[in-house]
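Numbering follows our numbering, in which position 48 of the sequence shown is assigned residue number 49; successive positions increment by one, without gaps.
A virtual CB, placed ideally from N, CA and C, is assigned to each residue, including glycine.
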Amino acid sequence: MLAEGLNGLLGHTALIIGFAASLFGALALIAAIRLRNERLIKTVMPYGWLALGGAVLAVVVMERGLITRDWQLAYVQRVGSRDTPALFNFTALWSALEGSILLWLLLLAVYTAIIMHRYRARLADPLVGWALVVMFFVTAFFFFLALGPTDAFRAGATPDFTACCKGPNPLLQNHVLVLFHPPILYLGYVGFTVPFAFAIAALVTGRVGEGWLVETRRWALFAWGFLTVGIVLGGWWSYEVLGWGGVWGWDPVENASFLPWLTGTAYIHSVMVQERRGMLRVWNLSLLVATFSLTILGTFLTRSGVVNSVHAFSDSTIGPFLLGAFGVVVLVSLGLIAWRGDRLRSPGAIDSPISREGAFLANNVLLALFAFVILLGTVFPLIVEAKDNRKIAVGSPFFDTMSQPIGLVLLFLMAVAPALPWRKASGELLRDRLFWPAWCGAGTLALSVFLGATGLAPLLAFTFAGFAGGASIRQLVLATRRQGYRGLLGRTNGGMVVHLGVIIIAVALAASNSYTRSAEFTVMKGETVSFAGHTFTVLDVVDFTTPRTVGIKAEISIDGGQAYAPAISKYTAFGMDVPTPSVKSSFVEDIYLTLENGSKPSTGEAKIKVFIKPMVVWLWVGGMLCAFGTLLAAFPGKNRRRPTDAVSAPIPLDEVSSV
């Protein structure tokens, strides 16, 4: 074992300071709230900044260790390399377990500091105080993980650097998206800590009306937006890197990110019902608890090594701690909800199922069912393995079969819900509001059939997507007629833009999954083959060598035009072959080329696989629309309602009853 160097000493010191600051900050706030001590409240701010400083210093020290190749650190020995390019040497921070926890910790400390600064004049308010207590405790837990089971700053085990130091996983050092996908996804994961903290604070203080929603609404929206963009970027990375021609394979770690997205989506919809009608209080609290709990469960699945995945990290000792945290969060939250059961009774009830609140409730039930199906398919193999010591697999057929009908009904609700008024809808009103959207759906069906689309499921998807898209566009047109482009601001119209993004993604997935065509060819240099109306000419097949890899590359001209170069790279330090597809994209279809094993540069023989995938580029367009709609929804609309019990000013401690 090597002696601890300067970077190791600085890193451990930063983590110890951050852990102590987070823990003492939480305890100081609890004491201040209980004792009604305003002087003690003033000590909380330095604790928060100290915790942030500890997290920032830990990450900076680790990045310094990676950049300077400090081989005394075990983590640098594990993911560092003299030959790794600067970009991937920087992103190596989150390429393995220990560094990814540091990134998670940094983002959590940033969120905590922002909340502390944002509500600095209102820390005496128990709602804000208890929310910050929860965030401090969560931050302290991740500092503990970074200090103990995932210590990134421990000294290296060997001074023989030829036996280590191979660099990050090859799949994490061959595409620029690794710079964006994990941090943005983590911003979504970690961001849901904020609304969860306020929900727990509302339960602790008994202020379970609609006021706490004001404090969480925008935070939940931004967290959802980051998570959405992170998932889309993950699909793009999978498409560009893994060489299998798909964007989503129901991988357990993909599912782990999709689960909180589903429950978070349900919350963002149902929170409007609580604000408007004072209903679904237990439901909203439960959704926030479920969303935060699923981020912890997703962390467990990703980082404990219990699942086999191209995304998952190796075995570690972190699993029991994360599983324990998941259990504590669920038990404490359910206990608080049960304790406040009397106060959580809704003052109103749904007057008619054919109303906006009725549609939102149906939407939530479907999203919750969807999440349950995904969770069941993901964890069932783990339960069977733990119970019977045998391995089973739940593959794509299960998830596709179960998700298709739920997705279709959700698309239908996306069309109907915006047209429904609150409380009750008349038949005449629905006919008026759904007339043009229905024609959009019928027109989409006719166009799909004209273009050669077949199959019940994709045709239903296209029809309902046209129906839902027509409803969203109708709402946006009416809003811009009334208020100009300023009418696009606010949750309702920003939400319609998000709906359009989701609809485009649904159409692109239905088209690409249902109508992909593929073929394999063995082609000699100079020969041309034809497939699906396109020609492919192999111009050359060559070997190549880089400081990190050796491999084979084929230069292929598509339709006599530009040459594309699919390749197979063997990362010599790992002995691992990594395919590099080459894609010609257009708004109509992608031509996706991969080079298969068995190609022979010596004889000019190339074994290639061709995928013709319609509408893939619209997946990324839909993701951008979702991000844009999230920004629009974050700005208050002209007629935004504010609950009467919202916290708008600091409450003196002598006016607050002890909790």
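Inter-residue Cα distance where the pair is residue i and residue j
i: I553; j: S449; result: 41 Å
i: G250; j: S397; result: 7 Å
i: G428; j: R357; result: 14 Å
i: E528; j: T538; result: 6 Å
i: L263; j: G6; result: 45 Å
i: F545; j: E556; result: 12 Å
i: F293; j: T595; result: 39 Å
i: A313; j: I17; result: Note that A313 scores a pLDDT of 49, beneath 50, so its modelled location is shaky; the value from the coordinates is reported in the next line. In a straight line, the C-alpha of A313 is about 28 Å away from that of I17.
i: V311; j: T379; result: Per-residue confidence for V311 stands at a pLDDT of 49, beneath the threshold of 50, marking its modelled position as unreliable; no derived number is given.
i: A387; j: I393; result: 11 Å
i: V254; j: G299; result: 7 Å
i: G491; j: K43; result: 36 Å
i: R155; j: I201; result: 36 Å
i: V129; j: Y120; result: 7 Å
i: R487; j: T481; result: 7 Å
i: A628; j: M117; result: 26 Å
i: R341; j: V283; result: 10 Å
i: W621; j: L228; result: 14 Å
i: H176; j: E241; result: 8 Å
i: L421; j: L435; result: 9 Å
i: G534; j: D560; result: 9 Å
i: S315; j: L510; result: Residue placement at S315 is poorly supported in this model, since its pLDDT is 49, which falls under 50; the coordinates still yield a value, given next. Cα to Cα, S315 sits roughly 31 Å from L510.
i: A454; j: L460; result: 7 Å
i: G444; j: V508; result: 15 Å
i: L260; j: K601; result: 44 Å
i: L431; j: L446; result: 21 Å
i: L489; j: G279; result: 26 Å
For residue i, three-class secondary structure by DSSP
i: S570; result: strand
i: E556; result: strand
i: I269; result: helix
i: D541; result: strand
i: A156; result: strand
i: F181; result: coil
i: A564; result: strand
i: V611; result: strand
i: L460; result: helix
i: K601; result: strand
i: T229; result: helix
i: T631; result: helix
i: T546; result: strand
i: V617; result: coil
i: V254; result: helix
i: W215; result: Here residue 215 turns out to be Val, not Trp, going by the sequence shown. Three-state DSSP puts V215 in a helix.
i: A313; result: Here A313 scores only 49 on pLDDT, less than 50, and its place in the model should not be relied on; the value that follows carries that caveat. Of the three classes helix, strand and coil, the one that applies to A313 here is coil, per DSSP.
i: L421; result: coil
i: V551; result: strand
i: L74; result: strand
Test item: CB-CB of residue i and residue j under 7 Å
i: R518; j: I613; result: yes
i: A267; j: L302; result: no
i: T92; j: V179; result: yes
i: A52; j: A110; result: yes
i: T464; j: G442; result: yes
i: G246; j: G189; result: no
i: A224; j: F193; result: yes
i: I609; j: F522; result: yes
i: V195; j: L30; result: no
i: S586; j: V618; result: yes
i: A466; j: L412; result: yes
i: L108; j: Y48; result: no
Whole-Å CB distance - residue i paired with residue j, under 8 Å assumed
i: G66; j: A15; result: G66 to A15, Cβ: 12 Å. No contact.
i: V499; j: T631; result: 6 Å
i: A147; j: A153; result: 7 Å
i: V290; j: F197; result: 7 Å
i: A125; j: E216; result: 15 Å between Cβ atoms; not a contact.
i: Q405; j: A458; result: 6 Å
i: S96; j: V80; result: 5 Å
i: F371; j: I407; result: 5 Å
i: L540; j: A520; result: Between A520 and L540 the Cβ distance is about 19 Å, and since that is not below 8 Å, they are no contact.
i: W423; j: R304; result: Their Cβ separation, rounded to whole angstroms, is 44 Å, which puts W423 and R304 out of contact at 8 Å.
i: V1; j: R70; result: Here the chain comprises residues numbered 2 to 660, so residue 1 is not present and cannot be evaluated.
i: S271; j: F373; result: Going by Cβ atoms, the distance from S271 to F373 rounds to 16 Å, so no, they are not a contact pair.
i: S515; j: M616; result: No, S515 and M616 are not in contact; Cβ-Cβ is about 10 Å, not under 8 Å.
Any chain D beta carbon closer than 7 Å to residue i
i: V579; result: Structure shown: chain D not included; a single protein chain is present.
- Task: Give, in chain order, every unbroken run of the beta strand (DSSP E) that is at least 3 residues long and sits entirely within the region 484-539.
- Result: Runs found: 518-525 and 529-532.
- Query: What are the uninterrupted segments assigned as beta strand (DSSP E) that are 3 or more residues long and contained completely in the region 573-597, given in chain order?
  - Reply: Taking 3 residues as the minimum length, the beta strand (DSSP E) runs contained wholly in the region 573-597 are 577-581, 583-586 and 590-596, in order along the chain.
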